[in-house]
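Chains as they are written, first to last, in the working numbering: chain A, 221 to 505; chain B, 221 to 505; chain C, 221 to 505; chain D, 221 to 505; chain E, 221 to 505; chain F, 221 to 505.
There are 6 protein chains.
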Amino acid sequence: MHQLGIEDIVRLALSEDIGTGDITTIATVPESATASGTFRAKAAGVVSGIDVTARVFALVDPEIAFEPLLANGEKFEPGDVLATVSGPARSVLTAERVSLNFLQRLSGVATVTSRYVEAVQGTRASIIDTRKTTPGMRLLEKAAIRHGGGHNHRVGLSDGILIKDNHLAAIGDDAIRRSIVSARAAAPHTLKVEVEVTSLEQLDEALDVGADIVLLDNMDPETMRQAVERVNGRALLEASGGITFESVRAVAETGVNLISVGALTHSAPSIDISLQFQINTGASS
Amino acid sequence: MHQLGIEDIVRLALSEDIGTGDITTIATVPESATASGTFRAKAAGVVSGIDVTARVFALVDPEIAFEPLLANGEKFEPGDVLATVSGPARSVLTAERVSLNFLQRLSGVATVTSRYVEAVQGTRASIIDTRKTTPGMRLLEKAAIRHGGGHNHRVGLSDGILIKDNHLAAIGDDAIRRSIVSARAAAPHTLKVEVEVTSLEQLDEALDVGADIVLLDNMDPETMRQAVERVNGRALLEASGGITFESVRAVAETGVNLISVGALTHSAPSIDISLQFQINTGASS
Amino acid sequence: MHQLGIEDIVRLALSEDIGTGDITTIATVPESATASGTFRAKAAGVVSGIDVTARVFALVDPEIAFEPLLANGEKFEPGDVLATVSGPARSVLTAERVSLNFLQRLSGVATVTSRYVEAVQGTRASIIDTRKTTPGMRLLEKAAIRHGGGHNHRVGLSDGILIKDNHLAAIGDDAIRRSIVSARAAAPHTLKVEVEVTSLEQLDEALDVGADIVLLDNMDPETMRQAVERVNGRALLEASGGITFESVRAVAETGVNLISVGALTHSAPSIDISLQFQINTGASS
Amino acid sequence: MHQLGIEDIVRLALSEDIGTGDITTIATVPESATASGTFRAKAAGVVSGIDVTARVFALVDPEIAFEPLLANGEKFEPGDVLATVSGPARSVLTAERVSLNFLQRLSGVATVTSRYVEAVQGTRASIIDTRKTTPGMRLLEKAAIRHGGGHNHRVGLSDGILIKDNHLAAIGDDAIRRSIVSARAAAPHTLKVEVEVTSLEQLDEALDVGADIVLLDNMDPETMRQAVERVNGRALLEASGGITFESVRAVAETGVNLISVGALTHSAPSIDISLQFQINTGASS
Amino acid sequence: MHQLGIEDIVRLALSEDIGTGDITTIATVPESATASGTFRAKAAGVVSGIDVTARVFALVDPEIAFEPLLANGEKFEPGDVLATVSGPARSVLTAERVSLNFLQRLSGVATVTSRYVEAVQGTRASIIDTRKTTPGMRLLEKAAIRHGGGHNHRVGLSDGILIKDNHLAAIGDDAIRRSIVSARAAAPHTLKVEVEVTSLEQLDEALDVGADIVLLDNMDPETMRQAVERVNGRALLEASGGITFESVRAVAETGVNLISVGALTHSAPSIDISLQFQINTGASS
Amino acid sequence: MHQLGIEDIVRLALSEDIGTGDITTIATVPESATASGTFRAKAAGVVSGIDVTARVFALVDPEIAFEPLLANGEKFEPGDVLATVSGPARSVLTAERVSLNFLQRLSGVATVTSRYVEAVQGTRASIIDTRKTTPGMRLLEKAAIRHGGGHNHRVGLSDGILIKDNHLAAIGDDAIRRSIVSARAAAPHTLKVEVEVTSLEQLDEALDVGADIVLLDNMDPETMRQAVERVNGRALLEASGGITFESVRAVAETGVNLISVGALTHSAPSIDISLQFQINTGASS
């Protein structure tokens, strides 16, 4: 992640947690005490957010040394150490919760993604994300998807064309054809045009005017298979809508190119990672 | 929620989604088209974030009219309409995803909370949250907890004293007594002093120096029951650590006052709420 | 332009001009005085930034009424009135310079663009912009290009793939093929892949691995013509590098699809537009 | 330039160009590759913005080493190297365009200014700027004027008194006298009072009440010469309005003290400066 | 005050006071309750900050109606009502303290200033401020000075030239002459040049090279009187350094033009103003 | 102070003082000159803000070396050196005024506080602050109170419950009992409940429902003494309202636990501290 892109959300998270100061730590921990700790996994998963965690500590106190032992995208087993941290005990304690909140959630997204990716292995389908991300965490979650082996759909509304049912409704007659023509004329030439369809008839219309990508909305696997045949490589096909871990393999085997899964980000559970400290109170013995 | 408090995260969410503009909508939907839509629940739950949703639309376009039909904290069944929205079709479409991302997640937190609250009904235990919240969403998730019938622990590090194991380690000998004394001396007199203990012996130490609240870390129900007896009203008792929906009733029946559950925020699934539109293209018939 | 997208630069411009207050106006103009003014063109051109101008006045004082008479993209002749403004004289005077700075520059970009667009009329080439824009004005200048009849290249580095000579140098052997394959694998599927070539041999390599768009860097018209023939519709061709108003027609006639012109933004002169006031001092006669 | 003063515009420029990340570079350039490049002039001119360029690279990646070879204000010929840059290839490529956008534009302003300054050499006139600057670039362009040998007029509305025609209109009868008296009474005593006049009669009025500076608006050289005689050192005289490179010498020879030229900033063409790289892919040979 | 200029400090003040929400008010005051209150003076003074107070309420809740009865700069006696406020009781209570903190302090500055201004009445001396203002409150305190009848020195380092002892020390030999020449050459022509002197000899040097203003540092009245005679109108004279309410009249009678008093802002006591409410609980009787 | 917490006000203070640049220093002090200075007390007092002062210099120029000789909370006598500073003369001069504005004001607050603290020595009363702080300076002034030996009341509205007269008025009948019950139910369990009373009868009501802290509003010492007896340790008692340096000892001797004094922050005079320089012009001798 480019550092400029993560600054806002990291500062916001620190600000809402630290507020006007960590009064417990200031009251109880001597200023001279130092702490060293290890981030240890309590479950298996895939790392994401290790760079964000580093940034959290750097912002709280530049004197903290944070050492990642695993890189984003690497797998871990229960008991593995992901990173170590050491420095002034007060600062490390103050940063602890926010650092874990980022690391656990982003590793959670990467881990869930990796399970879907494994589930479709051997097919040509890529697992991709949606815009159903956590407010403020878009870029971080998009990166976590990649760390888990998935691919990214567009980041937001300005870097991809996706004509959805509501756009089609707004156009009325002959909507598929007209919307694709309008989009191609108006958008930068660097963007492909993707359109959402709900039937094979609509798919044909889309192909006729040269849609680059077609999103098959809530189709059953058999219909998807027919869509794949009919397209025959003239466009990319994205399966979307209600796809679960149980159904994803069947969808992938229809031959679609892309499978988008909202659950990767809208409901990914945090991965349990602990931060255990050893504290040196700085007192002479 | 006070509007000043939600401004940052709402702007961040809009900024990351809209980027430099909703190019699909601009290319395909006529400027004159208007849209009206309904937010409809596809599952049962408790509303939270209806005010945030309103703010999302207001920031995207002050001409959008958003009408909540249910208030934060109210229950809904599948099929219920939570709110309606109408206005310029382009603006409504541009705001759609971000509005849903807030409403689905926050209602998800409120809904999970309400299930825990029901599970302990009839006991004296309150369900409370932790600081394991989504980065940037602290205030919104704290409100969702209340909408679900839960109570809030401190918002962040500056508005409550909670002496945890790592603080105790930083003090060394006689840590419980010394930390409570230090905390009481240093913190504003408006704050109670809470300390985390792992045994009944530590509990006694804490009571001896007048801890106001004692957090019982990962104790089994039987030990908690003994703690409740031993305290006999001299302090509030908070059960914490690995409490699940399955175990929460048993914990509540020990007589503790407070049960904190990290899963309310760190892993709450989104509630499925859809936004369905009717669009008037503005063309004369 | 979406209002959220122009807020930063408009506030920055006002802040740097107004500083701690318009001391001349406060010292000399009575608080009760009102002013009404007209924005009048002193040269022919195409309007852009009329919405930004409106925003400038709204931010300085919501009591100012700004009425556009021409829309962005419309042509004007010397003497035409583009807009009127009226309200408290102090506020209008304070906002005057910044409003003109935006309107004159953006209309300058639109006007220059329209001249290039006219010059290639009848060919299939579109005039497109580059990233050689004024710092802070990217979105506004991109809009001005469209108002002048041009098309936009990608907005920035995150919404388009363009593999340039320096990227190729960073890959070494077999760079064109390898970079296209890498880019397609890594980028969102919604984006086309564009690559820069300097010879017909490189063009062939790019086509072989399915480049969607090929940028012909500094080629002479005859070579471009051969490129067009060789491509035969398999990819879009963008002519780039040193194209002037004098040479643009010849380039367009080679049959390329896109002609990018840095001068549209890096050196567009401001269009002369004046703001003339009538002031009512508010004194009773 | 004080670093606090350029931070906003540099961050804004980077943000609008990098967006959510430089996807082409990430996809095609290995993380281990390093690059070194030279900023080379393709035309003659005067340097400005070399410090801003340094700041751009520092913000993108502190590991980039940027070495200026010429200082702001120094002259260069075609082929001269202005600066070198080296560091991680990805970071350098990501920062390239924004760094050039600043350096080319600001050096453009300095270069145009230096031509006007040379044109009036031997007279006592100083070339000064106006508030017709690029939105967001006020401070940087003011510095560029100085680097080109010009002098600065006030930075904005709060650090100088300049009573213009519209202020006079707002006062009505006896406006020149009354406005100067009001301004002197209200403004900090550290500021001189400047007033705009269109005739020698108005000049006399202004001198009578002790104007410190008089702006001669759109006067012909002969009238200016008479103004200079009449003033005889009692005030500074600023010539303003429609002064071109062709006419500036004649204006200077009238004996005025200051000549303000809007074209220095509102229409200065960028100077062509290239950034050429050598990239080391980091692969062992 | 221009609204753009006060936004930052008002938001900062609200943010630090409201934090994550006014929990007492939310817990105890019904949402439907309304409140109306009066700002009443408990001491005599001069109003300043009435506009800032209005802005505080508007930011907390646009539904609050704030009605000023006295304008900035007007005098009040104990018992006078300065303003009324009414609206939702929760919002009014939340905004109460911050609104008073601004109004009491700024009226305190205006009031102290007015006492110094009265003390020098009949002399030609103006009372002026310094840069010894409260961090973050510069613009508001400068306005309060004017409301109290004082005049402003420069706002900050960029809108006035004042060569002080430390600058002179940095130049060495012939410092007064050389610094004045340098300053005049480098600064915008709209600024006067002021220099600090500690003796009549230095005063002569300053006059010789045409200083516009001379600051007499810590001189006794008799020396100041000689300075006034010696200058004889050729420059403005500012008395500065340790001037108290007791000594200010004697200083003014020496004939100096300006007397700067740091105590106007660095130690002005708040004026006691109370906000008394009537609350309507909104319950039907 | 945590650095994240002081960043906003320090940047605001620098921004309002430096504006677009320190033109006097740039014009008169050579870029190569270096300066070293000492912060010397001209009166006795207690240090506060030495860390803020360090931050001011660091933000203006990281090359400045600032060395504190006394820590926050330490006492000084007239003539004592609090800190030294050295570095580029221009930068040091530019930062001078803002650094002093913070140090003088915050040390002023600490010093006044220490006088009140000494006045009540030997009693059990703590001197505490109020929310009558300077806008933008809340956190810094709260720290200064601690440095002077005082204790802090809540930081703002979100980290403490204090039911005041206006809240009681909003509730109507049985307000004390009902408000305390409501507050305890709604607020985080980590907060104590404090209520304001004006009579011994109200005190009894508050004790009956278990108020943790009772604020005695404007009571005379004799009534306070009776309150202390009646409470007999069941709650903390805070004396508030019109307490002066003259009366504070008598109040403390009543046996109350806390005495809040608004004057600590709303009217604390700055402490006179000077910054004297030695400047090395960098010229070879």
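Ideal Cβ placement from N, Cα and C applies to all residues, glycine included.
Keep in mind it's a predicted model, so treat the numbers as computed, not measured.
Going residue by residue through the segment 247-287 of chain C, where are the continuous beta strand (DSSP E) segments of at least 3 residues, counting only ones entirely within it? 254-261
Just to check my reading of the structure: B/Ser346 and B/Leu457 have Cβ atoms closer than 8 Å, yes? What is that Cβ distance to the nearest angstrom? The count along the second sequence starts at 1 and reaches residue 346 of chain B at position 126. The count along the second sequence starts at 1 and reaches residue 457 of chain B at position 237. B/Ser346 to B/Leu457, Cβ: 11 Å. No contact.
I'd like to know whether the C-beta of B/Pro408 is nearer than 7 Å to at least one C-beta of chain F. Reading the second sequence from its first residue, position 188 is the one you call residue 408 of chain B. Chain F contact via Cβ: present.
Where B/Ile229 sits in the DSSP three-state scheme: Your numbering for residue 229 of chain B matches position 9 in the second sequence. Correct three-state label for B/Ile229: helix.
Close beta carbons around B/Glu297, own chain, < 6 Å, minus the five adjacent residues each side: Against the second sequence, residue 297 of chain B aligns to sequence position 77. Only Ala264 meet the Cβ criterion.
Just mark C/Ala405 as buried or exposed, buried being the case when its beta carbon has 16 or more other beta carbons within 10 Å. What you label residue 405 of chain C is simply residue 185 of the third sequence in a count that begins at 1. Answer is exposed; the Cβ neighbour count stays below 16.
Closest Cα partner of F/Ala299 within the set F/Thr443, F/Asp349, F/Lys262: For the purposes of this step, residue 299 of chain F is taken as residue 79 along the sixth sequence, with counting starting at 1. Rather than Ala, the amino acid found at residue 299 of chain F in this sequence is Gly. Of F/Thr443, F/Asp349, F/Lys262, the residue nearest in Cα terms is F/Lys262.
Check whether the Cβ of D/Leu411 lies closer than 7 Å to any Cβ atom in chain F. Position 191 of the fourth sequence, counting from 1, holds the residue named residue 411 of chain D. So, not an interface residue.
In chain A, what lies closer than 9 Å to B/Val375 by C-beta? By one-based count along the second sequence, residue 375 of chain B stands at place 155. Per Cβ cutoff of 9 Å: Glu236, Asp237, Gly239.
Quick check: D/Ile381 and D/Ala403, are their CB atoms within less than 7 Å of each other? Position 161 of the fourth sequence, counting from 1, holds the residue named residue 381 of chain D. Position 183 of the fourth sequence, counting from 1, holds the residue named residue 403 of chain D. Yes, the pair counts as a contact, with Cβ atoms nearer than the cut-off.
Please go through the same chain and pick out, in chain order, the residues whose beta-carbon is closer than 8 Å to the beta-carbon of F/Arg454, but skip the five residues on each side of it. Translated into positions along the sixth sequence, residue 454 of chain F becomes position 234. Here the set comprises Leu427.
Do C/Val329 and C/Ala488 have their beta-carbon atoms positioned less than 7 Å apart in this structure? Numbered from 1 along the third sequence, position 268 holds the residue referred to as residue 488 of chain C. Numbered from 1 along the third sequence, position 109 holds the residue referred to as residue 329 of chain C. A contact, by the Cβ cut-off of 7 Å.
Per-residue DSSP class, three states only, for C/Asn321: On the third sequence, residue 321 of chain C is found 101 positions in, with the first residue counted as 1. Looking at C/Asn321 - three-state DSSP - the assignment turns out to be helix.
Round the Cβ separation of C/Val375 and B/Thr240 to the nearest angstrom and send it over; I've been treating them as touching at under 8 Å. As a working mapping, residue 375 of chain C is identified with position 155 in the third sequence. As a working mapping, residue 240 of chain B is identified with position 20 in the second sequence. Sure, about 5 Å apart at Cβ, within 8 Å.
Go through its chain and collect everything with a Cβ distance to B/Gly461's Cβ below 7 Å, but skip five positions before and after it. Walking along the second sequence from the start, residue 461 of chain B turns up at place 241. If we look at B/Gly461 and ignore the five residues flanking it on each side, its Cβ neighbours are Asp437, Asn438.
Between the Cα of A/Tyr336 and those of A/Lys352, A/Arg366, A/Asn500, spot the shortest distance and give me the residue it belongs to. Numbered from 1 along the first sequence, position 116 holds the residue referred to as residue 336 of chain A. When only C-alpha atoms are compared, the closest one is A/Arg366.
Per DSSP, which one or two residues make a beta bridge with A/Val417? Your numbering for residue 417 of chain A matches position 197 in the first sequence. Under the DSSP definition of a beta bridge, A/Val417 partners with A/Leu436.
Leaving out five residues on either side along the sequence, give the residues of the same chain with a beta carbon under 6 Å from the beta carbon of C/Ser490. For the purposes of this step, residue 490 of chain C is identified with residue 270 of the third sequence, where counting begins at 1. For C/Ser490, where only same-chain residues beyond five positions count, the Cβ hits under 6 Å are Gln324, Arg325, Gly328.
Rounded to whole angstroms, what is the Cα-Cα separation between E/Asp440 and E/Val468? As a first step, residue 440 of chain E must be located in the fifth sequence, where it is residue number 220. As a first step, residue 468 of chain E must be located in the fifth sequence, where it is residue number 248. Going by the C-alpha atoms only, they are around 12 Å apart.
Give the single residue among D/Ile396, D/Asp432, D/Thr343 whose Cα lies nearest to the Cα of D/Thr410. For the purposes of this step, residue 410 of chain D is identified with residue 190 of the fourth sequence, where counting begins at 1. It is D/Asp432 whose Cα lies nearest to the Cα of D/Thr410.
Distance between B/Val429 and B/Asn452 (C-alpha atoms, nearest Å): Reading the second sequence from its first residue, position 232 is the one you call residue 452 of chain B. Reading the second sequence from its first residue, position 209 is the one you call residue 429 of chain B. Rounded to the nearest angstrom, the two C-alpha atoms are 16 Å apart.
Looking at the C-beta of E/Asn372, does it have a partner C-beta in chain D at a distance below 7 Å? In the fifth sequence, residue 372 of chain E corresponds to position 152, counting from 1. Yes, because at least one Cβ of chain D sits closer than 7 Å to the Cβ of E/Asn372.
Leaving out the 5 sequence neighbours to the left and right, which residues in its chain are closer than 7 Å to A/Ser505 when beta-carbon positions are compared? Working through the first sequence from its first residue, we reach residue 505 of chain A at position 285. For A/Ser505, the predicted structure reports a pLDDT of 40, less than 50, and the residue's modelled location is therefore unreliable. A value from the coordinates is still provided. Excluding positions up to five away in sequence, the list is empty.
Specify the secondary structure class of B/Gly299 as computed by DSSP and reduced to three states. The count along the second sequence starts at 1 and reaches residue 299 of chain B at position 79. Of the three classes helix, strand and coil, the one that applies to B/Gly299 here is coil, per DSSP.
For A/Asp379, collect the residues of the same chain with a Cβ closer than 8 Å to its Cβ; drop the 5 residues on either side in sequence, then sort them by chain order. The sequence position of residue 379 of chain A within the first sequence is 159, counting from 1. Excluding residues within five positions, the ones whose Cβ falls inside 8 Å are Leu411.
Would E/Gly293 pass as an interface residue toward chain D - the criterion being a Cβ-Cβ separation below 7 Å? In the fifth sequence, counting from the first residue as 1, residue 293 of chain E sits at position 73. Taking Cβ atoms only, chain D never reaches closer than 7 Å to E/Gly293, which makes this a no.
Chain B within 7 Å of F/Asp228, Cβ atoms only: For the purposes of this step, residue 228 of chain F is identified with residue 8 of the sixth sequence, where counting begins at 1. So no, F/Asp228 is outside the interface.
At a CB-CB cut-off below 8 Å, which residues of chain H make contact with C/Arg325? The structure shown contains no chain H; its protein chains are A, B, C, D, E and F.
Work out the CA separation of B/Leu302 and B/Ile270 for me, nearest whole Å. Here residue 270 of chain B refers to the residue found at position 50 when the second sequence is read from its first residue. Here residue 302 of chain B refers to the residue found at position 82 when the second sequence is read from its first residue. When rounded, the distance between both Cα atoms is 8 Å.
Rounded C-alpha distance that separates D/Ile383 from E/Thr443: Taking the fourth sequence and counting its residues from 1, the one referred to as residue 383 of chain D is at position 163. Taking the fifth sequence and counting its residues from 1, the one referred to as residue 443 of chain E is at position 223. Distance between the alpha carbons of D/Ile383 and E/Thr443: 38 Å.
Please report the Cβ distance between F/Ser311 and F/Val280, rounded to the nearest whole angstrom; I am assuming they are in contact, meaning their Cβ atoms lie under 8 Å. As a working note, residue 311 of chain F is residue 91 in the sixth sequence. As a working note, residue 280 of chain F is residue 60 in the sixth sequence. Right, their Cβ atoms sit about 5 Å apart.
Any beta-carbon of chain D closer than 7 Å to the one on C/Ala233? As a first step, residue 233 of chain C must be located in the third sequence, where it is residue number 13. Yes, C/Ala233 lies at the interface with chain D (some Cβ there is under 7 Å from its Cβ).
I'd like to know if E/Leu456 contacts chain D, where contact means its C-beta is closer than 7 Å to some C-beta of that chain. Reading the fifth sequence from its first residue, position 236 is the one you call residue 456 of chain E. It does: the Cβ of E/Leu456 has a partner Cβ on chain D nearer than 7 Å.
Does the distance between the C-beta of A/Arg260 and the nearest non-hydrogen atom of the ligand MN fall short of 6 Å? This structure does not include the ligand MN; it has no bound ligands of any sort.
Consider the Cβ of F/Asp437: report whether some Cβ of chain B lies at a distance smaller than 7 Å. Along the sixth sequence, one-based indexing puts residue 437 of chain F at 217. No, because no Cβ of chain B sits closer than 7 Å to the Cβ of F/Asp437.
Classify E/Asp182: buried if its beta carbon has 16 or more other beta carbons within 10 angstroms, exposed otherwise. As shown, chain E starts at 221 and ends at 505. That puts residue 182 of chain E outside it, with no answer to give.
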